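Novice:
Protein chains: 2
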Amino acid sequence: MSGLTSRTLRHYDDIGLLRPVRTASNGYRWYGRRELLRLQRILFLRELGVPLTQIGRILDGDRDGVAALRRHRADLVSHRDRLEEIIATVDRTIADLTGQAHLSEEEFFTGLSARRDDLRRDVEARYGAGAGEHFASADAVTGRWTREEHEQAAAQGRRLLRRLSDARSSGTAPDSAAVLDLMTEHYQGVRLLWPADAAAYHALADLVTGNPDQRAMIEEIDPLLPPWFADAIRAYAVRRLGYVPARE
Amino acid sequence: MSGLTSRTLRHYDDIGLLRPVRTASNGYRWYGRRELLRLQRILFLRELGVPLTQIGRILDGDRDGVAALRRHRADLVSHRDRLEEIIATVDRTIADLTGQAHLSEEEFFTGLSARRDDLRRDVEARYGAGAGEHFASADAVTGRWTREEHEQAAAQGRRLLRRLSDARSSGTAPDSAAVLDLMTEHYQGVRLLWPADAAAYHALADLVTGNPDQRAMIEEIDPLLPPWFADAIRAYAVRRLGYVPARE
DNA sequence: CTGGACCTTCTCGTTACGTCAACTTCTAGC
DNA sequence: GCTAGAAGTTGACGTAACGAGAAGGTCCAG
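Same order as they appear, the protein sequences are chains A and B. Add 32 to a position in the first sequence, counting from 1, and you land on the number used in this note's numbering. Add 32 to a position in the second sequence, counting from 1, and you land on the number used in this note's numbering.
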């Protein structure tokens, strides 16, 4: 009924977590309705990752199961935070091993580098000569950055891309609320450099799939990311910035 | 030298992860410089949570340790996501057990409820009669919400408060980048309801410590949160919205 | 009566060591 | 040379939550 193996039930009997209502002379364990209800509570807490011994205490003593849950929650949170750190370290290690370190000398949100002039020509070809002026605006901001600040910005950008990649590979839609929340960071990163309105930000989507350098930089983190990222940019422009796309 | 116990070294010898350079006739294990270097790599990978058997394969085969790391990273990410879900479930359970369910019928970002008129009077007393007009603006938005949407908004608000509480209790400063990122969600939640500019948002900080109902609602989630939350609001207004506080 | 399904107890294996216990070896001080 | 103490050694058991397998008993339908 519960989908548990008999072995598990025996284990719970052994450790005293769930005793059968009676054990027949042939050794068979018999469980009643009360045991089923208790089992449901056990399975629920087990789902939450609470250790069996604690489950027993919570169900038996029942005095202040909330406090126990709170402590358990604190454990979970610190465990998650630790994982977060470890993931970041693994990311840095992978980046090191695959020689992505040079990227940290470039600047992310505008995708600068030695190829900066290429990007500018591309932008002007796509959006008109006026668009190139934003480069001056960005320069006004980044010009005063130290090398360290450049690297920080690049690292932050890569972290964001990796979080987006995580979302993509777990099947999350680019217009889901969770992704749009992440895109807020991207939009603000862009806004830091030049005053992109909804339409400009929407147009930016073409760049991440169409511009070879931009695309390559993103693909280095996740080969499947660029088109999904472009969708996310467009979704953010429409859903959060109120951009109304032109009808075809 | 490494801080490991001798037991651990013996274990690594047993499983073949780190063999001594030679074992003397008296059984003593002797390690050389090469072993120390290998140990350093072992400890690093162990820090990342890689299982010892995999560490052995990575260090020995060395063929495509990056791929192994990537797989490990995927494991970590899904583990973290699972933890995230569990934490959310535990939160809901605690809320249920402590009878916080009624809160879901209120609306979070403006802190409405039966005490709505009190809040309005408080706001008008603090910021002048004009400020009360924002209530009409909020009504225009929320008036069309279904009950479900109200509950969703309330739940999202509580989730945000809990994430802020997590940050606070782990010693993170209210003006750190990570917290300001979280505050983006809050600011956008507020913006959904009325057009708060930098100054208005900055002023809002007084409300979360000064208004009894607001304060109580937040304290129910974390008794120490209100003043820290107020600091975070002010920090966000200054650092991300460009608000310039008046000098005293 | 029989085959198969289902039950039992017992034991080992899993991870990465901590913690005894019992014993040997090395080293410093007298 | 003797001795105490520090440090090394090899087992063996315990940890959490069961899975897997061995060896055997019980129940039921045909």
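By construction, the Cβ of each residue, glycine as well, lies at the ideal position given by its N, Cα and C atoms. This structure is a prediction, so every number in the text was calculated from the model and none was measured.
With DSSP run on the structure shown, which of helix, strand or coil describes Thr55 of chain B?
Specialist: Thr55 of chain B: strand per DSSP, three-state reduction.
Novice: Does the stretch 76-83 of chain A touch the stretch 78-94 of chain B, meaning 3 or more C-beta pairs lie closer than 8 angstroms?
Specialist: Judged by Cβ distances under 8 angstroms, the stretch 78-94 of chain B makes no contact with the stretch 76-83 of chain A, as fewer than three pairs qualify.
Novice: For chain A, find out if any of its Cβ atoms is closer than 9 angstroms to the Cβ of Gln4 of chain B; answer yes or no.
Specialist: Nothing can be reported for residue 4 of chain B: it is not among the residues displayed for chain B, which extend from 33 to 280.
Novice: Name, in chain order, the residues that DSSP records as bridge partners for Arg61 of chain B.
Specialist: Per DSSP, B:Thr55.
Novice: Under the three-state reduction of DSSP, which class applies to Arg279 of chain B: helix, strand or coil?
Specialist: Note: Arg279 of chain B maps to coil in three-state DSSP.
Novice: At 7 angstroms on the CB atoms, spell out the chain B contacts of His43 of chain A, in chain order.
Specialist: Going along chain B, no residue has its Cβ under 7 angstroms from His43 of chain A, so there is no contact; the nearest lies around 22 angstroms.
Novice: Considering only their Cβ atoms, is the gap separating His234 of chain B from Ala269 of chain B smaller than 9 angstroms?
Specialist: Yes, they are a contact pair.
Novice: Exposed or buried, which one is Trp226 of chain B when buried takes at least 16 other CB atoms within 10 Å?
Specialist: The residue in question, Trp226 of chain B, is buried, as its Cβ has 16 or more Cβ neighbours within 10 Å.
Novice: What's the gap between the Cα of Gly160 of chain A and the Cα of Ile265 of chain A?
Specialist: Roughly 20 angstroms between the two C-alpha positions.
Novice: If you follow the alpha helix (DSSP H) that Ile47 of chain A is part of, which residue opens it and which one closes it?
Specialist: No alpha helix (DSSP H) contains Ile47 of chain A, which DSSP labels as neither H nor E.
Novice: Under 9 angstroms, Cβ to Cβ, is there at least one residue of chain A near Val122 of chain B?
Specialist: At least one chain A Cβ lies under 9 angstroms of Val122 of chain B.
Novice: Assign Val109 of chain A to one of three DSSP states: helix, strand, or coil.
Specialist: The answer is helix: DSSP assigns Val109 of chain A an H, G or I state.
Novice: Under a Cβ-count criterion, where at least 16 other Cβ atoms within 10 Å of its own Cβ denotes burial, should Ser110 of chain A be classed as buried or exposed?
Specialist: By the neighbour-count rule (16 or more Cβ atoms within 10 Å), Ser110 of chain A is not buried but exposed.
Novice: Going straight from the alpha carbon of Thr142 of chain A to that of Ile118 of chain A, what length do you get?
Specialist: Here the model assigns Thr142 of chain A a pLDDT of 46, short of 50, so the residue's position is not dependable, and the following value carries that caveat. Approximately 28 angstroms, taken between the alpha carbons.
Novice: Determine the direct distance from the alpha carbon of Thr241 of chain A to that of Arg247 of chain A, and round the result to whole angstroms.
Specialist: Taking the straight line joining both Cα atoms gives about 5 angstroms.
Novice: With a cut-off of 8 angstroms, do at least 3 Cβ pairs link the stretch 256-264 of chain A to the stretch 194-206 of chain A?
Specialist: The answer is yes - the stretch 194-206 of chain A touches the stretch 256-264 of chain A, with three or more Cβ pairs under 8 angstroms.
Novice: 9 angstroms is my cut-off, CB to CB: does His218 of chain A come that close to chain B?
Specialist: Output row for His218 of chain A: interface = no.
Novice: Who are the near neighbours of Arg89 of chain A in its chain, counting only those whose CB is closer than 8 angstroms to its CB and skipping five residues on each side?
Specialist: Excluding residues within five positions, the ones whose Cβ falls inside 8 angstroms are Ala100.
Novice: Specify, as a first and last residue, the run of the alpha helix (DSSP H) that Trp260 of chain B falls within.
Specialist: That run of the alpha helix (DSSP H) goes 257-271.
Novice: Quick check: Arg271 of chain B and Leu212 of chain B, are their CB atoms within less than 9 angstroms of each other?
Specialist: In contact: Arg271 of chain B and Leu212 of chain B (Cβ atoms closer than 9 angstroms).
Novice: Less than 8 angstroms between the CB atoms is what I'm expecting for Leu75 of chain B and Ser34 of chain B, so what's the real figure, rounded?
Specialist: With a Cβ gap of about 7 angstroms, Leu75 of chain B and Ser34 of chain B count as contacting.
Novice: Among B:Arg61, B:Gln188, B:Ser57, which residue has its Cα nearest to the Cα of Tyr44 of chain B?
Specialist: Of B:Arg61, B:Gln188, B:Ser57, the residue nearest in Cα terms is B:Arg61.
Novice: Could you check whether the Cβ of Thr174 of chain A sits closer than 9 angstroms to any Cβ belonging to chain B?
Specialist: Judged by the 9 angstroms Cβ criterion, Thr174 of chain A is not in contact with chain B.
Novice: Taking 9 angstroms as the CB-CB limit, is Thr55 of chain B close to chain A?
Specialist: False, the Cβ-Cβ gap to chain A never drops below 9 angstroms.
Novice: Of all the options B:Gly189, B:Tyr275, B:Arg102, which has the alpha carbon lying nearest to the alpha carbon of Ile250 of chain B?
Specialist: It is B:Gly189 whose Cα lies nearest to the Cα of Ile250 of chain B.
Novice: Report the option in A:Arg191, A:Arg153, A:Tyr63 whose CA atom is closest to the CA atom of Leu41 of chain A.
Specialist: Checked all of A:Arg191, A:Arg153, A:Tyr63; the closest Cα to Leu41 of chain A is A:Tyr63.
Novice: Identify whether Arg73 of chain B lies in helix, strand or coil by the three-state DSSP scheme.
Specialist: Arg73 of chain B: helix per DSSP, three-state reduction.
Novice: Give the residues of chain A in contact with Asp254 of chain B, contact being defined as C-beta atoms less than 8 angstroms apart.
Specialist: Neighbours of Asp254 of chain B on chain A: none; closest Cβ ~11 angstroms, over 8 angstroms.
Novice: Hey, does Gly81 of chain B have any beta-carbon neighbour from chain A nearer than 9 angstroms?
Specialist: For Gly81 of chain B, the answer is yes, since a Cβ of chain A falls inside 9 angstroms of its Cβ.
Novice: Listing by chain order, which chain A residues have their CB less than 8 angstroms from the CB of Leu129 of chain B?
Specialist: Gly97, Val98, Leu101, listed in chain order.
Novice: Let me know the secondary structure DSSP gives Asp154 of chain A once reduced to three states.
Specialist: In the structure shown, Asp154 of chain A sits in a helix (DSSP, three-state: H, G or I).
Novice: Would Val109 of chain A pass as an interface residue toward chain B - the criterion being a Cβ-Cβ separation below 9 angstroms?
Specialist: So yes, Val109 of chain A belongs to the interface.
Novice: Could you check what DSSP says for Arg102 of chain A in three-state terms: helix, strand or coil?
Specialist: Note: Arg102 of chain A maps to helix in three-state DSSP.
Novice: Give the single residue among B:Asp113, B:Glu181, B:Ala267 whose Cα lies nearest to the Cα of Ala205 of chain B.
Specialist: Measuring from the Cα of Ala205 of chain B, the nearest candidate turns out to be B:Ala267.
Novice: So, are the CB atoms of Ala185 of chain B and Trp177 of chain B less than 9 angstroms apart?
Specialist: Yes, Cβ-Cβ distance for Ala185 of chain B and Trp177 of chain B is below 9 angstroms.
Novice: Any beta-carbon of chain A closer than 9 angstroms to the one on Glu116 of chain B?
Specialist: Yes, its Cβ sits closer than 9 angstroms to a Cβ of chain A.
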